[in-house]
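Engineer:
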Amino acid sequence: MTMQTDFVRSTASEPHRIRTRQILKSHPEIKKLIGQKNPTTFWVTLGCVVLMTGLAYLVRDQSWWIVVATAWFIGAFPAHTLFVCIHEAAHNLIFRKPEANMLTGILANLPTVFPTALTFKSFHIKHHAFQGVHELDADLPDWYEAKLIKNYAIGKAIWLLLFPLFQGVRTLRMKELAVFDKWVMLNFAVQLTFDVLIVVFFGWKALAFMGLCLFFSVGFHPLGARWIQEHFLTLDPEQETYSYYGPLNGPNLNVGFHNEHHDFPSIPWNKLPEIKKSAPEYYDTLKYHTSFVKLFFRFLFDQEISLFSRIVRKERGRVSVADQSKPDLELVQAQSAHAETAA
0 MTMQTDFVRS
10 TASEPHRIRT
20 RQILKSHPEI
30 KKLIGQKNPT
40 TFWVTLGCVV
50 LMTGLAYLVR
60 DQSWWIVVAT
70 AWFIGAFPAH
80 TLFVCIHEAA
90 HNLIFRKPEA
100 NMLTGILANL
110 PTVFPTALTF
120 KSFHIKHHAF
130 QGVHELDADL
140 PDWYEAKLIK
150 NYAIGKAIWL
160 LLFPLFQGVR
170 TLRMKELAVF
180 DKWVMLNFAV
190 QLTFDVLIVV
200 FFGWKALAFM
210 GLCLFFSVGF
220 HPLGARWIQE
230 HFLTLDPEQE
240 TYSYYGPLNG
250 PNLNVGFHNE
260 HHDFPSIPWN
270 KLPEIKKSAP
280 EYYDTLKYHT
290 SFVKLFFRFL
300 FDQEISLFSR
310 IVRKERGRVS
320 VADQSKPDLE
330 LVQAQSAHAE
340 TAA
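When the letters of the sequence shown are read in order and numbered with numbering that gives the first Met the number 0, they come out as residues 0 to 342.
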């Protein structure tokens, strides 16, 4: 077996903006979904925050094995749902006003200990705009990261276990992105206050439980297979984005519909299945995953898969660094403006 020592280089543009145009031309009915908001996400956020805070209270005096087991078997699920709520807020898909979305993101951030909601927003939007561009896409592993982990199970297990730390370090290479503003400062202040209150009223073990929920929800857990599902070259050496169609789309708010989301980032999670239903000829021909558990173990033990199993590109296209990754909304608005001018 030949061990990969570099990422897969591509000279082609990222596929999503092209497919967005093709789908809207073939299925103009999808336009009605673009720009919709889903305030229900706020109530999901609030429910998960209450649930995780309640769990932290219940395990505050328990043995460590109960704390860890509760975090892995129960807490990881609402923690992952909150991550998806932060993601929805980052795309302004909950409320009309951007400020309300940012406040919802800060609320969703509370039980996951570290103040990441608003910095995630900045980096994630650039992941959409510059998919595969190493210096702007924080979803791509660093070269040293892939070299360190290699393709053996123990290395990949450690990588999953410490995934939030690796993800944080990656952002240091994003030198073109300014991410520190008043909203980031507010995120830090609110999060620090919440963490202190948890320690004061519940104790350090409760805060540790919340931290474990975060690490398990995005790392060494079947839910962590989501990161492998989205862009790792697991089923096709040329298809760089994959969807997941399985039962965990329920608690995970359809986050598995990843091709659909990249094609239409201005459509909220509850409407993503409608895209696939409306344009089956575009999505049924793409390969996809149906089991996070299967993918989790395959990633660990299949030595053909490593952190180098990703497509990278130099080409940024015509997209500026200031792009807010709303190609679907911008396309519809441009078409509407053109129609009004013609009339």
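Yeah, the Cβ is synthetic: ideal placement off N, Cα and C, and Gly gets one too.
Hey, Met173 and Thr111 are a contact pair by Cβ (cut 8 Å); roughly how many whole angstroms apart?
Structural biologist: Working through the sequence shown from its first residue, we reach residue 173 at position 174. Working through the sequence shown from its first residue, we reach residue 111 at position 112. That pair is no contact at about 21 Å.
Engineer: Ordered along the chain, which non-local residues of its own chain (more than five positions away) have a Cβ less than 7 Å from that of Asn186?
Structural biologist: The residue labelled residue 186 in the question sits at position 187 within the sequence shown. Ile105, Asn108, Pro114, Ala116 and Leu117, listed in sequence order.
Engineer: Run the CB neighbour count on Pro140, radius 10 Å, all protein chains shown included, and call it buried at 16 or more, exposed below.
Structural biologist: Sequence index remark: in the sequence shown, residue 140 carries index 141 (1-based). So Pro140 ends up on the buried side.
Engineer: Sort out for me which residues DSSP pairs Val66 with in a bridge.
Structural biologist: Position 67 of the sequence shown, counted from the start, is the residue given in the question as residue 66. Paired residue(s): none; Val66 is not in a bridge.
Engineer: Quick test of your reading: Ser216 and Pro264, contact by CB under 8 Å. State the CB separation rounded to the nearest angstrom.
Structural biologist: Taking the sequence shown and counting its residues from 1, the one referred to as residue 216 is at position 217. Taking the sequence shown and counting its residues from 1, the one referred to as residue 264 is at position 265. That pair is no contact at about 22 Å.
Engineer: Using the beta-carbon count (16 or more within 10 Å), is Asp180 buried or exposed?
Structural biologist: One-based indexing of the sequence shown puts residue 180 at position 181. So Asp180 ends up on the exposed side.
Engineer: Which of helix, strand or coil does DSSP assign to Ser216?
Structural biologist: Locating residue 216 in the sequence shown gives position 217, counting from the first residue. It is helical.
Engineer: Is there contact between the segment 306-326 and the segment 130-144, where contact requires at least three CB pairs shorter than 8 Å?
Structural biologist: yes
Engineer: Three or more beta-carbon pairs under 8 Å between the segment 216-233 and the segment 286-295, yes or no?
Structural biologist: They touch, by the three-pair rule.
Engineer: Assign Asp136 to one of two classes, buried (16 or more other C-beta atoms within 10 Å of its C-beta) or exposed (fewer than that).
Structural biologist: Taking the first residue of the sequence shown as 1, we reach residue 136 at position 137. A residue is called buried when at least 16 other Cβ atoms come within 10 angstroms of its Cβ; Asp136 meets this threshold and is buried.
Engineer: Could you pull out every unbroken alpha helix (DSSP H) segment of at least 4 residues lying fully inside the segment 266-292, listed in chain order?
Structural biologist: Scanning the segment 266-292 from its first residue to its last, the whole alpha helix (DSSP H) runs of 4-plus residues come out as 271-277 and 279-282.
Engineer: Since Lys125 and Leu176 should fall inside the 8 Å C-beta cutoff, what is the C-beta to C-beta distance between them, to a whole number of angstroms?
Structural biologist: Indexing the sequence shown from 1 puts residue 125 at position 126. Indexing the sequence shown from 1 puts residue 176 at position 177. Contact between Lys125 and Leu176 holds, with the beta-carbon distance rounding to 6 Å and staying under 8 Å.
Engineer: What did DSSP end up calling Ser305 once you bin it into helix, strand or coil?
Structural biologist: Numbered from 1 along the sequence shown, position 306 holds the residue referred to as residue 305. Coil at Ser305, not helix or strand.
Engineer: Looking at the unbroken beta strand (DSSP E) that takes in Ser9, where does it start and where does it end?
Structural biologist: Numbered from its first residue, the sequence shown carries residue 9 at position 10. It spans Val7 to Ser9 - the beta strand (DSSP E) in which Ser9 sits, taken as one unbroken run.
Engineer: How is Val311 classed by DSSP in three states: helix, strand or coil?
Structural biologist: As a position in the sequence shown, residue 311 is number 312, starting the count at 1. Strand at Val311.
Engineer: Under 8 Å, do Pro267 and Lys36 count as touching if we go by C-beta distance?
Structural biologist: By 1-based counting over the sequence shown, the position of residue 267 is 268. By 1-based counting over the sequence shown, the position of residue 36 is 37. In this structure, Lys36 lies closer than 8 Å to Pro267 by Cβ.
Engineer: When burial is assigned at 16 or more other CB atoms within 10 Å of the CB, is Ser62 buried or exposed?
Structural biologist: Reading the sequence shown from its first residue, position 63 is the one you call residue 62. Ser62 is exposed by the Cβ-count criterion.
Engineer: Determine the extent of the alpha helix (DSSP H) in which Trp158 is found, giving its start and end residues.
Structural biologist: Counted from its first residue, the sequence shown places residue 158 at position 159. Run containing Trp158: Ala152 to Leu160, per the alpha helix (DSSP H) assignment.
Engineer: Could you tell me the alpha carbon to alpha carbon distance between His123 and Asp138, rounded to whole angstroms?
Structural biologist: Numbered from 1 along the sequence shown, position 124 holds the residue referred to as residue 123. Numbered from 1 along the sequence shown, position 139 holds the residue referred to as residue 138. So the alpha carbons of these two residues sit roughly 8 Å apart.
Engineer: Relative to the C-alpha of Ile17, which residue among Glu259, Phe300 and Leu271 is closest?
Structural biologist: Locating residue 17 in the sequence shown gives position 18, where the first residue counts as 1. Comparing Cα positions, the closest option is Glu259.
Engineer: To the nearest angstrom, report how far apart Ala205 and Val7 are at their CA atoms.
Structural biologist: By 1-based counting over the sequence shown, the position of residue 205 is 206. By 1-based counting over the sequence shown, the position of residue 7 is 8. Answer to the nearest angstrom: the Cα atoms are 43 Å apart.
Engineer: DSSP puts Tyr243 in a beta bridge; with which residues?
Structural biologist: Translated into positions along the sequence shown, residue 243 becomes position 244. Answer is His288.
Engineer: Determine the direct distance from the alpha carbon of Tyr243 to that of Gly249, and round the result to whole angstroms.
Structural biologist: In the sequence shown, the residue the question calls residue 249 occupies position 250. In the sequence shown, the residue the question calls residue 243 occupies position 244. Their Cα atoms are separated by approximately 12 Å.
Engineer: By Cβ distance, which residues of its chain are closer than 8 Å to Val43, with the 5 residues on each side in sequence left out?
Structural biologist: As a working mapping, residue 43 is identified with position 44 in the sequence shown. Hits under 8 Å: Thr80, Cys84 and Leu252.
Engineer: Cα-Cα, which of Val49, Gly167, Trp182 and Ala128 is closest to Gly316?
Structural biologist: As a working note, residue 316 is residue 317 in the sequence shown. Considering only alpha carbons, the answer is Ala128.
Engineer: Sort Phe193, Gly167 and His261 by Cα distance to Met51 and report the nearest one.
Structural biologist: Your numbering for residue 51 matches position 52 in the sequence shown. Nearest of Phe193, Gly167 and His261 to Met51, Cα basis: Phe193.
Engineer: Indicate the three-state DSSP secondary structure (helix, strand or coil) for Lys149 in the structure shown.
Structural biologist: For the purposes of this step, residue 149 is identified with residue 150 of the sequence shown, where counting begins at 1. Of the three classes helix, strand and coil, the one that applies to Lys149 here is coil, per DSSP.
Engineer: Taking the CB atoms as reference points, tell me whether Ile274 and Ile29 lie closer together than 8 Å.
Structural biologist: For this step, residue 274 is matched to residue 275 along the sequence shown. For this step, residue 29 is matched to residue 30 along the sequence shown. Result yes, Cβ atoms of Ile274 and Ile29 sit closer than 8 Å.
Engineer: Looking at the structure shown, is His129 part of a helix, part of a strand, or coil, going by DSSP?
Structural biologist: By one-based count along the sequence shown, residue 129 stands at place 130. First, the amino acid is wrong: residue 129 is Phe here, not His. Phe129 falls in the coil class under three-state DSSP.
Engineer: Going by CA-CA distance only, name the one from Phe162, Leu32, Arg20 and Leu247 that's closest to Pro77.
Structural biologist: Position 78 of the sequence shown, counted from the start, is the residue given in the question as residue 77. Taking only the C-alpha atoms, the option nearest Pro77 is Leu247.
Engineer: Is it right to say Leu159 is buried, meaning 16 or more other beta carbons lie within 10 angstroms of its own, or is it exposed?
Structural biologist: Counting from 1 along the sequence shown, the entry for residue 159 is found at position 160. That one is buried.
Engineer: Hey, how far is the Cα of Gly69 from the Cα of Tyr241?
Structural biologist: On the sequence shown, position 70 is the one that residue 69 refers to. On the sequence shown, position 242 is the one that residue 241 refers to. Note that residue 69 corresponds to Thr in the displayed sequence, not to Gly. Approximately 30 Å between the Cα atoms of the pair.
Engineer: Using only alpha-carbon positions, find the residue among Ile33, Glu134, Gln238 and His26 that is nearest to His90.
Structural biologist: For the purposes of this step, residue 90 is taken as the residue at position 91 of the sequence shown. His90 has its Cα closest to that of Ile33, out of Ile33, Glu134, Gln238 and His26.
Engineer: Might you give, ordered along the chain, the residues of its own chain that have their beta carbon closer than 7 Å to the beta carbon of Phe41, omitting 5 neighbours on each side?
Structural biologist: Translated into positions along the sequence shown, residue 41 becomes position 42. Cβ neighbours of Phe41 beyond the five flanking positions: Ile93 and Thr103.
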